[in-house]
Amino acid sequence: MSINVLVIDDQTLVREGIKSLLSLDSDIDVCGEAWDGQHALELLQSTTADVILLDIRMPVMNGLEFLEAIQQQGEDCNALVLTTFDEHDLVLECLKFGAKGYLKKDVSLHTLVSAIKTVAAGKKWMQPIVTERIKSQVTPSEKSHTPLGAPLTEKEQQILQLVAAGYTNNEIAGATFRSEGTVRNQVSSILSKLDVKDRTRAVLKAMDLGML
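When the letters of the sequence shown are read in order and numbered with full-length UniProt numbering, they come out as residues 1 to 212.
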């Protein structure tokens, strides 16, 4: 049975390129294409997509707004965010709003297909090379070379990795067999040790310190 993929990107050339690549795999079928989030919402009323390839920056309704709209409808979607390298904050926001992973726009066909099949199977996809490039994009003014107040425990390191992957406290609790309250306390401890105020800054500083 084919995996139905909806491609959302405002650039026609990008959409056509993705469609051409995916047509080479017999397990994948592009069931539709949209040029912005609003158009995609309209298509989803009559089209069932197993995986959505989602651009972030689009007119009318961008990728983040699309994910927020889906979430407000009480629905879920297997969205893979297509990203360039200057969008690390937006990528993290998309993960918070339910995206199942992210990909560089110049990925190989093998990686693209692997990501689609992974997400279609109900798993998340995080591409290490994107994380490395995001790390390299943090400007010197954003970096903080202040050492940790105290080392993270093994459990806290595990929690930090899941936070960086975009998991919510509730999802982390389910994945680590802990209560949500325990996870919340551990996240607070991580923020304190990293001397940051929120999860995004925690991820950026952890990247800077070589912890991710």
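Yeah, the Cβ is synthetic: ideal placement off N, Cα and C, and Gly gets one too.
Neighbourhood of residue i by C-beta, 7 Å cutoff - its chain only, sequence neighbours within 5 removed
i, result
"D55", "I8, D9, D10, G63 and L82"
"E93", "L64"
Environment of residue i [buried if 16+ CB atoms lie within 10 Å]
i, result
"V183", "buried"
"residue 238", "Outside the modelled stretch of the chain, which goes from 1 to 212, sits residue 238, for which no answer is possible."
"K197", "exposed"
Neighbourhood of residue i by C-beta distance below 8 Å, restricted to the same chain and skipping five residues each side
i, result
"V163", "I172, V187, I190, R199, A202 and V203"
"T48", "N4 and C31"
"S179", "A173"
Assigned secondary structure, residue i (DSSP; H/G/I helix, E/B strand, else coil)
i, result
"V81", "strand"
"L44", "coil"
"I56", "coil"
"L112", "helix"
"T139", "Because T139 sits at a pLDDT of 48, beneath the cut-off of 50, its placement in the model cannot be relied upon, and the following sentence gives the value as read from the coordinates. DSSP places T139 in coil when its eight states are reduced to three."
"L209", "coil"
"G98", "coil"
"K124", "coil"
"R133", "The predicted model places R133 with a pLDDT of 49, which falls under 50 and marks its position as unreliable, so this point remains unresolved."
"V107", "coil"
First through last residue of the alpha helix (DSSP H) which encompasses residue i
i, result
"A164", "E154 to A164"
"A173", "N169 to T176"
"R75", "The residue you asked about is not Arg; residue 75 is Glu in the sequence shown. E75 -> no alpha helix (DSSP H), and no H or E assigned at all."
"K193", "E180 to L194"
"S20", "T12 to L22"
Beta-carbon contacts of residue i that lie in its chain and below 6 Å, excluding the five residues immediately before and after
i, result
"D25", "V113"
Proximity test, Cβ basis, 9 Å: residue i and chain C
i, result
"L21", "Of the protein chains in this structure there is only one, and it is not chain C."
Identified DSSP bridge partners for residue i
i, result
"E33", "V7"
"V51", "V5"
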